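Reminder that position 134 of the sequence shown reads as 169 in the working numbering, one-by-one numbering, no gaps.
To start, the structure under review is shown below, and the notes come after it.
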Amino acid sequence: MEIIYEGKTKRLLKFGDQVVLKFKDDVTGDAEGNPDPGGNLVVGTLEGKGAASAKVAAYFFKLMGEADIPTHFKGLRSDDEIEVALTTPIPLEVIYRAKALGSFLTRYHGHVEPLTPLDLVEFNLKKDKLKDPLITRQAILKLGLTGDVELGRIEVTTRRVAGLVRRVLTEVGLELIDMKLEFGRTGDKLLVIDGLSGDTMRVYDPGKKKVLNQLELAEGFSLT
């Protein structure tokens with residue numbers, strides 16, 4: 036076994052010719068220790084979270100496949116692992132914000148209220164040492180992280196995925212607040228990579244008036 040990459044909530048592993056994304060029970064949050072999928076710190080563990088996130092990620096990857104959105108997903112390998120294709124990652128985090136919460140509220144404090152509708156796409160430079168800073172479209176192009184045409188495709192694909200996610204959440208009485216996508220390349224083909232789960236999205240339950248954790252999100256789709 037070879038560890039290709041280890042992040043806060045996942046490991047990318049290689050077993051011979053097989054590439055596997057393993058979801059951990061580690062939970063991210065803020066400096067005060069509050070769990071938050073948008074956080075940059077590991078603040079604890081939640082038993083069963085890895086398995087819940089793997090199932091939700093597989094669920095959304097299958098929906099993307101049905102919608103002809105290319106991804107690196109091959110299949111669910113075990114309770115907390117999915118098999119994926121190896122790609123060259125683009126060092127960006129693509130954030131779709133349906134509503135204002137988290138760092139958006141902090142950044143624009145006094146100018147926006149919690150849960151204000153937004154419908155916008157933002158980009159962060161994927162670099163933990165810099166705490167994944169916000170990056171402009173012009174800076175992305177100047178740094179050569181991707182080209183103008185590919186960046187446009189990334190934004191269009193992000194909005195397509197967001198529309199799909201919002202639709203299926205609405206069907207179970209839930210609301211998307213925001214989500215993070217990552218992209219990679221195989222040759223000239225652009226793929227959605229990583230995993231869309233409770234680790235990378237905030238989902239609001241209007242009945243309970245709360246943001247769901249990873250286990251609760253999986254339960255919302257009857258995946259536990």
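Don't be surprised by glycine CBs; every beta carbon is placed ideally from N, CA and C.
No experiment lies behind these values; they were computed from the predicted model shown.
About 6 Å separates the Cβ atoms of Thr-122 and Arg-220, confirming a contact at the 8 Å cut-off. Under the three-state reduction of DSSP, Glu-128 is assigned to strand. Spanning the alpha carbons of Leu-258 and Leu-211 requires a straight line of approximately 18 Å. Spanning the alpha carbons of Val-147 and Lys-245 requires a straight line of approximately 19 Å. Between the alpha carbons of Val-54 and Met-36 lies a distance of about 10 Å. With a threshold of 16 other beta carbon atoms within 10 Å, Glu-116 meets it and is buried.
Here Lys-243 carries a coil assignment [DSSP, helix/strand/coil]. A check of alpha carbon separations from Glu-128 across Ile-175, Lys-224 and Asn-248 identifies Ile-175 as the nearest.
Counting every other CB atom within 10 Å of its CB across the protein chains shown gives Thr-80 a total below 16, marking it as exposed.
For Val-191, the uninterrupted alpha helix (DSSP H) segment begins and ends at 183-206. Separation of the CB atoms of Ala-89 and Asp-114 is rounded to 7 Å, and the pair is thereby assigned contact status at 8 Å.
For Val-54, the three-state secondary structure derived from DSSP is strand.
By the criterion of a C-beta distance shorter than 8 Å, Asp-65 is surrounded in its chain by Asp-71, Gly-74, Leu-76 and Val-78, once the five residues flanking it on both sides are discounted. Between the alpha carbons of Thr-181 and Asn-159 lies a gap of roughly 13 Å. Bridge pairing for Asp-61: Thr-80 [DSSP].
When the five nearest sequence neighbours on each side are left out, the beta carbons in the same chain lying within less than 6 Å of the beta carbon of Leu-111 are those of Ala-93 and Ile-117, in order along the chain. Pairing Lys-43 with Phe-58 gives a Cβ-Cβ distance that is not under 8 Å. Within a 10 Å sphere around the beta-carbon of Gly-233 sit 16 or more other beta-carbons, which makes this residue buried. In this structure, the CA atom of Leu-169 is about 35 Å from the CA atom of Phe-50. DSSP places Glu-148 in the coil class of the three-state scheme, outside both helix and strand.
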